[in-house]
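K.L.:
Structure below; questions to follow.
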Amino acid sequence: MTRDKLMDNGHLEAGLAALKQGDYQAAIDHLETYTRVGAIRESPLPKPQLWRAQMGLVAAYQGNGNLEKAASLCQTLTQSENEKVRAWAVRTQEKLPPPPPATDPTGFIPLDTADPTGFIPLDAPPLARDSGGRRGNPPVVAPISPSPRLPLPPPPPPPVGTMKDGAKAQLQTKDGAKAQLQTKDGAKAQLQTKDGAKAQLQTKGGAEAPLRTPPRPPVPPSPRPPVSGSPRPQVGELALSEVEGRSRTAVPPSPPPPVSGSPQWRQAGRAKNWPAMKTPNLQWLRLSQGVTVLTLFWMMRGFIQFVLFQLNESFLSKIPFGRPFQPFYQDQTWPIFGVFFLAFAASPWLMDVLLTKCYGMTASSVKELGEKSPEAARLLRRFCFERHIPEFKVGLLPTNAPVAMSYGCLPRFARIVVSSGLLEKLEADEIAAICAGEVAHIANWEFSIMTLAVLLCQLPYLIYWQAAEEGDKWQSQSSINSKVMFLGAGVMAAAAYGGFWLLRWPVLWLSRLRLYYSDRAAAALTGNPNGLARGLLKTAVGIAAEVRQTGGTSWLLEGLEMLMPLGYRQGITLGSLQGYGSWETMLAWDVTNPYRRWLAINNSHPPTGERLRLLGVYAKFWKLETELDFAPLDAAKPQFQWDPLLLQGAPFFGLPIGLAIGYGIWLVGAISGAVGVWELEWLWGDRSLLAGCLPLGISLGTFSRINQFFPDITPERLASATLLPELIVSPQLLPTDSQPQSLQGKLLGRRGISNWLAQDLILDTPTGLIKLHCCSHLGPLGYLWPFRVRPLDFIGQSVTVTGWFRRGATPWLDVETLQTRGETGPKVIFKSHHPITATTIAAVTAIWGAYLIYSGSIR
């Protein structure tokens, strides 16, 4: 399926989903775009999909009060070649109410139909009719039920009367003529004309409140909106300039919904008496637990053995009168196993100290939790009672981000921790659903392994944290000693941060997999999969708000991410897009992209959309309305192809390719020895040759994708740059689909040494948050060089960023240039070097592989 077809289908599915949610204007925008794009395509749209779009438009026009368009489109559908479509159109046409008579020459239709309005026009000139001689119908409030039938609009009132309560009204005209109107006491109110011109009217109460008017048509937004104070357009208003032939810079964005407005939730219900679902097979969960423990133990053992060996060889044997400590040469397996066991047994109390001292946790109780969510308290008490264990200890974290986690070694010693943001931002049933997920972790026994893993990861993370904070204290001092301490702290923090991410790797599989089981168990415990879905989405919104409020990623969100119900990297962009369209549209990539699980391999959480789709499946199992309506997978899922995945993972796939080349050369040596060609016999069994082929394979894979990953950024390509929500909604994009973009916004992130590697850079655009990736000539390590400009120097400033947008499990932008204005006016440009970094890495690995083969140093 081509990209154009996938984009068209995305508009169709997004429009139908918006229609189900009662968002009629968004539905009209998507469905009209779908039919308009289909009309100019070389190949016509499939008729069944076109009929679905037209039938959806009829219902959306009805809901939006545009009865004339609904009737006109119904008339078109009555001529359809499909009998069912014709019958539906005839039935719908019969139910359509007739358009109201227009008696007032101004076309003014107030809300109240009462006679005494006190509305006295002073010198209002007659307003022009439209080309067809019709007046616009007032919009009708959308009904809650999905029925397309709407009540008749109220008849127009007489032109003179009294507005006793100061009700707000809008006057809609075509030509924008101004009119001044007067009521009894001369208080003023404003009327809105169709094109934005204002008319003055006066009411008794003097209150200004515009009536509902037909929504303005969407206009194409600018690719570079203002950094602050700019409106937030709906996704349905984001026009495709390639299709409509409009310039994105010609017209400013249309007025968006208010930033502070709360999202509209469907509030889908919960089961009252629900049958039990089939018991899930936990074999994959158990396998991941075993693999995680063994890999962590092997990594720690190898690291400790290496450190002890180097301590003997590089230090103790070199100092005067020193000699190696012989026990350091011995196998450390059993001592390390003993340390692991002690850490496992003490993990609840170690985590208590860690959360209290470093993250500000305070003690709470199940009773206090019950004040916010009685259902959550009942759930925790029932679980403890059924398993004959003491009541869980509860902790409270002082963060506005909605956070919950469970930890411990045994269910008897388990703890449940929630944040103040979770209790404030979520409803009672949603808090209970989130807590049920934490109970599921305890019931499945994977919480103990995750606790141990997080404790091990916290060792390098705390070193990184403390080294960064202590090193920043030396920055303002000018002595040589201070400079050395400052640089040393930066190097230590960078090394510790690398160790933190290295220790995360063995845990990521279990961290992702366990959430599928806990979501299912939480739905089974509460009968409320819709509440859990809302809770996860509100968690994303809360995380994005926290990042905006604090100006960067907090230590808690990053350090304890693996224990949270939703990863902060997934919540940053998703939560910031609230209000730009339906959740189904924003999550289409998570649900339909065939490579989503491969691309989530670096993430601690599975794709959010996939989790929410499964929660919808559980709701349907109990015959509940779903909070989100995703399109059927068979209809929306693109076909899986290996070529894009191989290109995306070319450096990693280069390892087995290099290994295969090495074994092939060995085979040549073996055959040469068998046939008596002694000149090539040496190839057989040469370990240096085999080891050298591994970095050569990585180099080959890296070189093969550089041009695809980093196409030239030209002004022509930037002229077609789009807004962030448009980029997110496309379900077929991959990181290899490099899209040159230019975005404006405020640069967020940590300050000081903690961000020397540019690990926490976030662009706050008027349309959402997105992570930024920057590289020096030598990669992230190049930023350790002292006295150089780093991206963190621009944090807190308004910047323009150009680079390559990439859509993976979490979207990001590979930065090419970062531009801002200096204090005296001239522009300051910071350049990132992703292509140079990739080329340097490929060249260095190739040279290393060639050296290993040439030297023959590995025996």
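The working numbering puts the first residue of the sequence shown at 430, with every later residue one more than the last. Heads up, the beta-carbon is just placed ideally off N, CA and C, and yes, glycines get one too.
#1: Looking at the unbroken alpha helix (DSSP H) that takes in Trp1095, where does it start and where does it end?
#2: List the residues that DSSP assigns as beta-bridge partners of Val423.
#3: Give the straight-line distance between the Cα atoms of Leu885 and Leu932, rounded to the nearest whole angstrom.
#4: Got a sec? Which residues, its chain only, sit under 7 Å from Cys1203 by beta carbon, not counting five neighbours each side?
#5: Mapping the DSSP letters down to three states, classify Leu995 as helix, strand or coil.
#6: Among Arg1236, Phe1132, Leu1172, Met914, which one has its Cα closest to the Cα of Leu1147?
#7: Rounded to whole angstroms, what is the Cα-Cα separation between Ala986 and Ala951?
#8: DSSP three-state call for His1202: helix, strand or coil?
#9: With Phe773 as the anchor, note down where its alpha helix (DSSP H) starts and where it stops.
#10: For Leu808, report the span of its alpha helix (DSSP H) as first-last.
#11: Under 6 Å Cβ to Cβ from Ala1120, same chain only, skipping five residues before and after it: list those, please.
#12: If you drop the 5 nearest sequence neighbours on each side, which residues of the same chain put their C-beta closer than 7 Å to that of Phe1139?
#13: Would you check if the distance between the CB atom of Ala447 and the CB atom of Ser1011 is smaller than 7 Å?
#14: Among Phe738, Leu888, Leu1118, which one has its Cα closest to the Cα of Gly988?
#15: Identify, in the order they occur along the chain, each residue of the same chain with its Cβ nearer than 6 Å to the Cβ of Tyr490, setting aside the five sequence neighbours on each side.
#16: Where does Met706 land, buried or exposed, given buried means 16+ other C-beta within 10 angstroms?
#17: What are the start and end residues of each continuous alpha helix (DSSP H) run of 4 or more residues lying completely inside the stretch 818-865, in chain order?
#18: For a test of the three-state rule: what should DSSP assign to Asp1298, helix, strand or coil?
#19: Do Gly1098 and Leu1112 come within 7 Å of each other at the CB atom, strictly closer than that value?
#20: Going by DSSP in three states, Ala443 sits in which element: helix, strand or coil?
#21: Name the two residues that bound the continuous beta strand (DSSP E) containing Ile1127.
#22: In whole angstroms, what is the alpha-carbon distance linking Leu445 and Ser794?
#23: Is Ser835 closer than 7 Å to Ile871 when the C-beta atoms are compared?
#24: Can you tell me which of the three DSSP states Arg1179 falls into?
#25: Could you tell me the boundaries of the beta strand (DSSP E) in which Ile1258 lies?
#26: Does the Cβ of Val868 have 16 or more other Cβ atoms within 10 Å, making it buried, or fewer, making it exposed?
#27: Indicate the three-state DSSP secondary structure (helix, strand or coil) for Ser794 in the structure shown.
#28: Checking 7 Å against the spacing of the C-beta atoms, do Gly1278 and Pro1124 come in under that value?
#29: Pull up the distance between the alpha-carbon of Thr982 and that of Ile972, whole angstroms please.
#30: Could you check the C-alpha separation between Ala456 and Gly1197 for me, to the nearest Å?
#31: Measuring alpha carbon to alpha carbon, tell me which of Thr1002, Leu1129, Trp1051, Arg699 ends up nearest Gly960.
#32: I need the DSSP call for Leu1242, collapsed to helix, strand or coil.
#33: Excluding sequence positions up to five away, which residues of its chain have a Cβ less than 8 Å from the Cβ of Val1228?
#34: Taking one C-beta from the stretch 906-922 and one from the stretch 742-757 each time, how about it: are there three or more such pairs within less than 8 Å?
#35: Rounded to whole angstroms, what is the Cα-Cα separation between Val782 and Val847?
#36: Contact check, Tyr453 vs Asn493 under 8 Å by CB: the rounded distance?
P.N.:
With the structure as the only source:
#1: To locate residue 1095, count along the sequence shown from 1; it is residue 666. Note, Trp1095: alpha helix (DSSP H), 1079-1104.
#2: As displayed, the chain neither begins before 430 nor continues past 1288, which places residue 423 out of reach and without an answer.
#3: Here residue 885 is taken as the residue at index 456 of the sequence shown, counted from 1. Here residue 932 is taken as the residue at index 503 of the sequence shown, counted from 1. Near 8 Å, if we compare the C-alpha coordinates of Leu932 and Leu885.
#4: As a working mapping, residue 1203 is identified with position 774 in the sequence shown. Contacts found: Ala1187, Leu1190, Pro1220, Val1244, Ser1261.
#5: Taking the first residue of the sequence shown as 1, we reach residue 995 at position 566. DSSP, reduced to helix, strand and coil, places Leu995 outside both helices and strands of the structure shown, so it counts as coil.
#6: The sequence position of residue 1147 within the sequence shown is 718, counting from 1. Comparing Cα positions, the closest option is Leu1172.
#7: If you number the sequence shown from 1, residue 986 lands on position 557. If you number the sequence shown from 1, residue 951 lands on position 522. Here the sequence assigns Leu to residue 986, which means Ala is not the residue at that position. Using only the alpha carbons, I get a separation of about 23 Å.
#8: On the sequence shown, position 773 is the one that residue 1202 refers to. The three-state secondary structure of His1202, taken from DSSP, is strand.
#9: Reading the sequence shown from its first residue, position 344 is the one you call residue 773. Element bounds for Phe773: 762-774.
#10: Taking the first residue of the sequence shown as 1, we reach residue 808 at position 379. That run of the alpha helix (DSSP H) goes 803-815.
#11: Here residue 1120 refers to the residue found at position 691 when the sequence shown is read from its first residue. For Ala1120, where only same-chain residues beyond five positions count, the Cβ hits under 6 Å are Leu1281, Ile1287.
#12: The residue labelled residue 1139 in the question sits at position 710 within the sequence shown. Around Phe1139: Ser1167, Trp1233, His1263, Pro1264.
#13: As a first step, residue 447 is located in the sequence shown; it is residue number 18 there, counting from the start. As a first step, residue 1011 is located in the sequence shown; it is residue number 582 there, counting from the start. In contact: Ala447 and Ser1011 (Cβ atoms closer than 7 Å).
#14: Mapped onto the sequence shown, residue 988 falls at position 559. Per the Cα distances, Leu888.
#15: Here residue 490 is taken as the residue at index 61 of the sequence shown, counted from 1. Closer than 6 Å at Cβ, skipping near neighbours: Lys498, Ala499.
#16: Mapped onto the sequence shown, residue 706 falls at position 277. Exposed: under 16 other Cβ atoms inside 10 Å.
#17: Correct list: 849-854.
#18: In the structure as shown, the chain begins at 430 and stops at 1288. Residue 1298 is therefore absent and cannot be evaluated.
#19: For the purposes of this step, residue 1112 is identified with residue 683 of the sequence shown, where counting begins at 1. For the purposes of this step, residue 1098 is identified with residue 669 of the sequence shown, where counting begins at 1. Result yes, Cβ atoms of Leu1112 and Gly1098 sit closer than 7 Å.
#20: As a working mapping, residue 443 is identified with position 14 in the sequence shown. In this structure, Ala443 counts as helix in the three-state DSSP scheme.
#21: Counting from one through the sequence shown, the residue named residue 1127 turns up at place 698. From DSSP, Ile1127 is part of no beta strand (DSSP E) but of the alpha helix (DSSP H) over 1116-1138.
#22: Position 16 of the sequence shown holds residue 445. Position 365 of the sequence shown holds residue 794. Those two C-alpha atoms are separated by around 45 Å.
#23: The sequence position of residue 871 within the sequence shown is 442, counting from 1. The sequence position of residue 835 within the sequence shown is 406, counting from 1. Yes, they are a contact pair.
#24: Within the sequence shown, residue 1179 is the residue found at index 750, counting from 1. When secondary structure is reduced to three states using DSSP, Arg1179 falls in the coil class, being assigned neither helix nor strand.
#25: By one-based count along the sequence shown, residue 1258 stands at place 829. Here the beta strand (DSSP E) through Ile1258 covers 1256-1260.
#26: As a first step, residue 868 must be located in the sequence shown, where it is residue number 439. Under the 10 Å beta carbon count, Val868 is surrounded by 16 or more other beta carbons and is classified as buried.
#27: Mapped onto the sequence shown, residue 794 falls at position 365. Taken through DSSP and simplified to helix, strand or coil, Ser794 comes out as coil.
#28: Sequence index remark: in the sequence shown, residue 1278 carries index 849 (1-based). Sequence index remark: in the sequence shown, residue 1124 carries index 695 (1-based). Taking 7 Å as the Cβ cut-off, Gly1278 and Pro1124 qualify as a contacting pair.
#29: Residue mapping note: residue 982 aligns to position 553 of the sequence shown, counting from 1. Residue mapping note: residue 972 aligns to position 543 of the sequence shown, counting from 1. Distance between the alpha carbons of Thr982 and Ile972 is about 9 Å.
#30: Taking the first residue of the sequence shown as 1, we reach residue 456 at position 27. Taking the first residue of the sequence shown as 1, we reach residue 1197 at position 768. Rounded to whole angstroms, the gap between the alpha carbons of Ala456 and Gly1197 is 22 Å.
#31: Counting from 1 along the sequence shown, the entry for residue 960 is found at position 531. Here the closest residue by C-alpha is Arg699.
#32: The sequence position of residue 1242 within the sequence shown is 813, counting from 1. DSSP, reduced to helix, strand and coil, places Leu1242 within a strand of the structure shown.
#33: On the sequence shown, position 799 is the one that residue 1228 refers to. Only Gln1173, Gly1174, Lys1175, Leu1176, Leu1192, Leu1247, Gln1248, Thr1249 meet the Cβ criterion.
#34: Cβ pair count under 8 Å is below three, so no.
#35: Here residue 782 refers to the residue found at position 353 when the sequence shown is read from its first residue. Here residue 847 refers to the residue found at position 418 when the sequence shown is read from its first residue. So the alpha carbons of these two residues sit roughly 16 Å apart.
#36: Within the sequence shown, numbered from 1, the residue matching residue 453 stands at position 24. Within the sequence shown, numbered from 1, the residue matching residue 493 stands at position 64. About 4 Å separates the two Cβ atoms, so the contact holds.
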